[in-house]
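Read through the structure below, which is laid out as structure tokens, and then see the notes.
In our numbering, the protein residues as written are 445 to 717.
Quick look at the structure:
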């Protein structure tokens, strides 16, 4: 466990993502006030923080959808505008095209990024991705025929179909029921281990972060900075109730989070469908 933001490491050559001294005003209010954190290549990092602290905004900056007022954001050692092709998003809502079956939805990202001819060439890879997320038999099904968890798995396969080195996940399981969330957490962990992609995963769920993360970056209330960075080195798959170290981390995070979370907070930076 490391200390507060002042102890944050400087970006290293092996970092897939680096925020250094990032400051940003959003809607006339200071959102970030010297935000510093890094994500190593191949690492699974969870951004944990209260509503409104700018978790989703950080993903937008990585994807070159928003620029900082000052400080730097680096993606694969480059400015976000030069590295956007390394990045893919998975949102809270699957955002599938209802007129396309599961296979064509997986191919949609490649089609938009590379063109129809290249997307057709990648169809075997898209079928393999559907199989990897457990939907090989659902290739011809339309979104209305799929459960919420199945639709989200299609969205994950679609993100991987563009062969990104970095996958940004914005609370992708928060709209699902608890049992489906648990299953998909195990699924995304398996996929991450299989593909070796870098994952930056936004969540406000402490158990989710402890289950998935190599490191947890805990963000403060606005003006946002890194309150604490916690390495989670427990063996996978993790059972929080059976590991005393994880139980202690959970108690520690619950105390910190309780002091941050305010019921009246809103999250203006959350993207809308």
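The beta carbon of each residue, even a glycine, is placed where N, CA and C say it ideally should be.
In this text, all values refer to a predicted model and were calculated from it rather than measured experimentally.
Per the Cβ contact rule, the stretch 641 to 654 is in contact with the stretch 681 to 698 (3 or more Cβ pairs under 8 Å). One Cα belongs to residue 579, the other to residue 597, and the distance between them is close to 8 Å. Around residue 604, the same chain offers 573 as residues with beta carbons nearer than 6 Å, after the five sequence neighbours per side are excluded. Going by DSSP, residue 701 is part of the alpha helix (DSSP H) stretching over 688 to 704. In the structure shown, the three-state DSSP call for residue 522 is strand. Nearest in C-alpha terms to residue 544, of all of 585, 530, 519 and 560, is 585. Closest in C-alpha terms to residue 467, from the list 519, 667, 659 and 508, comes 667. The beta carbon of residue 640 sits closer than 7 Å to the beta carbons of 486 from its chain, once the five residues preceding and following it are set aside; these are given in chain order. Listed in chain order, the beta strand (DSSP E) elements of length 3 or more contained wholly in the stretch 558 to 632 are 610 to 614. With fewer than 16 other CB atoms across the displayed protein chains lying within 10 angstroms of its CB, residue 471 is exposed. Here DSSP, grouped into helix, strand and coil, assigns residue 514 to strand. Between the alpha carbons of residue 462 and residue 505 lies a distance of about 11 Å.
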